[in-house]
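Take a look at the structure set out below.
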Amino acid sequence: MKTITLKAEQRKLTGRKVKRLRKDGILPANIFGKNEKSQSLQVDLKQFEQVFKQAGETNLVELMVGSKKTPTLIHNIQTDPVSDIPLHVDFLQVNLKEKVVAQVPVELVGESPAEKQGLGTAVQYIDEVEVEALPQDLPDQFEVDLSKLTEVDQFVAIKDLKVASGVEVKNDKDQIIVKVEQQREEEEVEVVAPEAVGEEGADVATAGGSADQTSEEKSPEEPKKEE
Numbered sequence: 002m003k004t005i006t007l008k009a010e011q012r013k014l015t016g017r018k019v020k021r022l023r024k025d026g027i028l029p030a031n032i033f034g035k036n037e038k039s040q041s042l043q044v045d046l047k048q049f050e051q052v053f054k055q056a057g058e059t060n061l062v063e064l065m066v067g068s069k070k071t072p073t074l075i076h077n078i079q080t081d082p083v084s085d086i087p088l089h090v091d092f093l094q095v096n097l098k099e100k101v102v103a104q105v106p107v108e109l110v111g112e113s114p115a116e117k118q119g120l121g122t123a124v125q126y127i128d129e130v131e132v133e134a135l136p137q138d139l140p141d142q143f144e145v146d147l148s149k150l151t152e153v154d155q156f157v158a159i160k161d162l163k164v165a166s167g168v169e170v171k172n173d174k175d176q177i178i179v180k181v182e183q184q185r186e187e188e189e190v191e192v193v194a195p196e197a198v199g200e201e202g203a204d205v206a207t208a209g210g211s212a213d214q215t216s217e218e219k220s221p222e223e224p225k226k227e228e
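Numbering-wise (my numbering), the sequence shown opens with residue 2 and increments by one.
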């Protein structure tokens, strides 16, 4: 398991004042841990983005504050809903001798023969798996090979994953990760022909009298005057 180093500094600005930091390319951060007091830190935004691409949330990141190195995991990232740029990050300080619980991403690799043949579509049910392990034993990801899915209704479940010793999966072993589902045929909608609508309208008009019948034809004849 790789360990990556990221430089950090103590942060003095808090609350709404952290907007100034973001304008200067600085990412507000916090570090916390078991029996450890939370500390306000700040890291360079670009450096953090590079580290996160490599480490994700399952690889150790050594936070370097001055000359002190602290083993951590990237625990939570708040991002801008529009630009997706990180606004704040939490680091979880870990003890290398104590197990932690983490979410490990699932990556689908290859292509399903059933999908190639147009029999169905491989549908991913979950994209993360919860595990418990020592920080240095956390897997980067779980890979699921789609090439084994050759028929409709075939699936890969949690119990099919290759899990290293020392790693405990917390999900239900029968939980489905990905499944080939049969493609649904589009329902045919019956369209009523315009002629049919016209004929029905004509029948109604006939039953109630001609629509073009004048009021003069409908009115009774006037009585003849006696001379």
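Yeah, the Cβ is synthetic: ideal placement off N, Cα and C, and Gly gets one too.
Would you call the segment 73-88 and the segment 116-129 touching, i.e. three or more CB-CB distances under 8 Å? no
As a quick exercise: from V124, G26, K38, pick the residue whose alpha carbon is nearest that of Q183. V124
Count the other CB atoms within 10 Å of the CB of V101; is the residue buried (16 or more) or exposed (fewer)? buried
Got a sec, what are the start and stop residues for the alpha helix (DSSP H) V95 sits in? Neither: V95 is in no alpha helix (DSSP H) and is coded neither H nor E.
Which parts of the segment 135-176 are runs of the beta strand (DSSP E), unbroken and 3 residues or longer, counting only runs that do not cross its ends? 143-146, 156-158
Return the chain-ordered list of same chain residues with a C-beta closer than 6 Å to the C-beta of D154, the five sequence neighbours on each side being excluded. none
Going by other Cβ atoms of all chains shown within 10 Å of its Cβ, with 16 needed for buried, is V110 buried or exposed? exposed
The alpha helix (DSSP H) enclosing V19, as first and last residue numbers: 19-24
Quick one: using the 10 Å Cβ neighbour count with 16 as the cut-off for buried, is T15 buried or exposed? exposed
For F49 and L28, believed in contact at Cβ under 8 Å, the rounded distance: 5 Å
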